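Residue numbers (this note's numbering): 1224 to 1764.
By construction, the Cβ of each residue, glycine as well, lies at the ideal position given by its N, Cα and C atoms.
Remember, predicted model here, so these are calculated numbers, not experimental data.
Below: the structure, in structure tokens.
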Amino acid sequence: MSVDFRQRTPGELARMIWRRKWLIVLPALAVGVAVAWVVRRLPDVYESTTLLTVRPASISTSAIPQLSDSDLTIRINNIGQQVMSRSTLEPMITSFNLYAKERQRGAAMDELVEQMRTRDVKLTLNTSRNEVTNGFVLSFRGPERRVTQAVTEALAAKYVAMQMDAAGSESKNTKEFFTEKLAQSKEQLDGLDKKRLDFMLAHLPSLPAGEAALVGQLGGLREEQKARISEIGRLNDQLAANTKYIADLSKSNVQGVEEFIAGMQDPKSTSAYAELVKRRAELKSEKGQLELTFKPAAPEMKAVQKQLDEIQGQMDEMVEEHQRKVAEQRKRLEDRVDPRLTSYRGEIARVEGELKRQQSLLAQTEAQIASFGQRIGGVPGATVGLEAINREYLSAKAVYDEMLKQQQTAEIGADIAGRAQGESIAVIDAASLPEQPVAPKRPILMLLGLVAGLGVGVALAAAFEVPRLLTIQTTEDAEHYTGLPVLVTLPTLLTPREERNLKLRRVAFAFAGVVATILSAPALAFVLTRLHIIEMLANRG
């Protein structure tokens, strides 16, 4: 069965503290003395302050643009970053011999710069309304009054100088920026102007200004086209009629030639040709009878064949003679010049020439109509393209005019910044010479040391007493954890010798505690000095 832990009464806790009083008092004395000794040896820290404010421009605000309050705050913050940079603080540490002890101990320059930036230099912005910067207080803490004042003056001078440099550099960069942008805008504007001119030259026939004239010319060309087509139709009809006349006349002449040829006597119808045919038939009959008796190579056969060949030759010669005469007559008749055909062919040649000329003129007219139609059809596109270029040109012109205005303003601002007539940071209150040290807060640090010592003592006492809480030490513990009543308690029985030894042991422990306290105080002070714990607390306070 588990039993709950017995809660101690305030009286019991007081008896525990009293029993371990020396474990609490001696560490508290040791720590308190060590801290007090270290605090007494801490150097005095002086603080010098200076008030800086933003001086308005010395010329009319209507002549130059003024920075807004937020922009001015940003500029001051940026200047503060430059002033607190290592490149600025390190030369000041060297020239004013700041942190001499730390440098002798071998502290890194980066640590000293960070210490000066975060601990010793303070910048308090004066934001009296709407978080807008009106001015700021600059302060520096150091161990020497004169040096502290000199460092504060140097930091204030850095703020003033860097603000002037920043204003001049910003004005110069702004001027160069707008000059460059103005040149780019001018180049773009010139390019658009050239683009517009090239577009107008390329679409000169289709420009909106000539649309009415193009429509009038197109109407005239269409009328001319109709006239050409009508003339070509008439010439085609005339050409077809003359061609028909020539064909009919040529056919009539051919029929006359054929009739004349047909009227010539055919040799096959003459008696001489008929006699030769009769004789050839007789010889063929005779040859047939001889073939029954003789061979083809027989003289009789050869004689008959020779007669047949002679007769056939005569017949062929008569036919060829007739054909030659027919050909001569045909050629003579065909070569005969017909004045009517010559007249018609001349007329056809003239009509064909005129037809080709009219077709060529019609093709030219149709090409002109197509060209004018294309030009008229291109007028809307050219109008849209030209309007787009004009809009782009006007937009670029507006940008150029705005850039020109801003560039002129930037030049005025650069001139004003060069003459230091613009807004600037000015020192209102010079760096003060401190009279009293602002740190360390010795009473508070000593009190903190005493509290820390008491804490150490209480921790030691707890280390000895907590294990006792887990065991049965009193009759109350016995009754609580056993659940039984305690009937009798027996005290510790010691002999006189044991009592003397107990007293001697207590005296020895007390003496050892006092010696440990006396020895630990300087040692603890040495450790605190080496670790710079009290110094860091003092600087933070």
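Give the straight-line distance between the Cα atoms of E1454 and Q1478, rounded to the nearest whole angstrom. Roughly 36 Å separates the two Cα atoms.
Determine whether the beta carbon atoms of E1447 and T1565 lie at a separation below 7 Å. no
Just to confirm my understanding: we take L1207, look at its own chain, exclude 5 residues before and 5 after, and list those with CB closer than 8 Å. What are they? Shown here, the chain extends from 1224 to 1764; a query on residue 1207 therefore has no answer.
Pull up the distance between the alpha-carbon of M1307 and that of P1266, whole angstroms please. Our two residues, M1307 and P1266, have alpha carbons roughly 25 Å apart in a direct line.
When you compare only the Cα positions, how much space is there between R1753 and I1302? Roughly 37 Å separates the two Cα atoms.
From which residue to which residue does the beta strand (DSSP E) around L1677 run? In the DSSP assignment, L1677 falls outside any beta strand (DSSP E) and lies within the alpha helix (DSSP H) extending over 1665-1692.
Rounded separation between I1299 and L1378 - CA only: 14 Å
Cβ neighbour criterion (16 or more within 10 Å) applied to V1277: buried
Cβ-based neighbour list, A1643, same chain, cut-off 6 Å, excluding 5 preceding and 5 following: Residue confidence for A1643 is low, a pLDDT of 48 falling below 50, so the modelled location carries little weight; the figure read from the coordinates is stated next. Answer for A1643: no residue qualifies.
8 Å contact criterion, which L1742 and V1258 should meet: CB distance rounded: With 8 Å as the limit, L1742 and V1258 do not qualify as a contact, their Cβ atoms being about 16 Å apart.
Contact set for L1656: own chain, Cβ-Cβ below 8 Å, skip 5 residues either direction: S1271, R1368, R1369, Q1372
For N1353, does the count of other Cβ atoms within 10 angstroms reach 16, so buried, or fall short, so exposed? Reliability of the predicted coordinates at N1353 is poor, the pLDDT of 48 falling under 50, and the value obtained from them is presented with this limitation in mind. Under a 10 Å Cβ-count criterion, N1353 is classified as exposed, with fewer than 16 other Cβ atoms of the shown protein chains found around its own Cβ.
Going by DSSP, which residues form a beta bridge with I1648? For I1648, the beta-bridge partners assigned by DSSP are V1277.
Sorted by chain position, which residues of the same chain lie with C-beta nearer than 8 Å to R1263's C-beta, five sequence neighbours on each side aside? Hits under 8 Å: R1665.
When the Cβ atoms of the stretch 1231-1250 are set against those of the stretch 1339-1346, are three or more pairs found closer than 8 Å? The count of Cβ pairs closer than 8 Å, one atom from the stretch 1231-1250 and one from the stretch 1339-1346, stays below three, leaving the stretches out of contact.
Which of the three DSSP states is assigned to V1542 in this structure? helix
Since G1255 and G1676 should fall inside the 8 Å C-beta cutoff, what is the C-beta to C-beta distance between them, to a whole number of angstroms? Indeed, because the Cβ distance is near 5 Å, the residues count as touching under 8 Å.
C-beta atoms of L1246 and L1683 nearer than 7 Å: yes
Compute the beta-carbon to beta-carbon distance between Q1305 and M1385, rounded to the nearest angstrom, for a pair I have assumed lies under 8 Å. 5 Å
Measuring CB to CB, does T1740 end up less than 7 Å from A1380? no
Using the three-state DSSP reduction, which class does F1319 fall into: helix, strand or coil? DSSP, reduced to helix, strand and coil, places F1319 outside both helices and strands of the structure shown, so it counts as coil.
Are the Cβ atoms of Q1629 and T1402 separated by less than 7 Å? no
If you draw a straight line from the alpha carbon of R1547 to that of A1504, how long is it in whole angstroms? Each residue's alpha carbon lies about 27 Å from the other.
R1720 to V1248, Cα distance in whole Å? Going by the C-alpha atoms only, they are around 30 Å apart.
Exposed unless 16 or more other CB atoms sit within 10 angstroms - verdict on Q1581: buried
If you reduce the DSSP assignment to three classes, tell me which class T1466 lands in. Three-state DSSP puts T1466 in a helix.
Cβ-based neighbour list, E1577, same chain, cut-off 7 Å, excluding 5 preceding and 5 following: L1458
Which value, in whole angstroms, describes the spacing of the CA atoms of I1534 and E1551? Between I1534 and E1551, the C-alpha separation is close to 26 Å.
Measuring CA to CA, which of P1314, M1332, S1362, R1231 is closest to Y1269? Residue S1362 is the option with its Cα nearest to Y1269.
Collapsed DSSP secondary structure at G1329 in the structure displayed: The answer is coil: DSSP assigns G1329 none of H, G, I, E or B.
Alpha carbon to alpha carbon, what distance is there between D1532 and T1493? 20 Å
Just to check my reading of the structure: K1261 and L1751 have Cβ atoms closer than 8 Å, yes? What is that Cβ distance to the nearest angstrom? The displayed chain sequence assigns Val, not Lys, to residue 1261. Right, the Cβ-Cβ distance comes to about 5 Å (below 8 Å), so this counts as a contact.
Limits of the unbroken beta strand (DSSP E) element including S1362: 1358-1365
Where does K1417 fall in DSSP's three states? helix
Rounded C-alpha distance that separates T1356 from G1365: In this predicted model, T1356 has a pLDDT of only 49, less than 50, meaning its place in the structure is not dependable enough to derive any value.
In whole angstroms, what is the alpha-carbon distance linking E1399 and L1627? 12 Å
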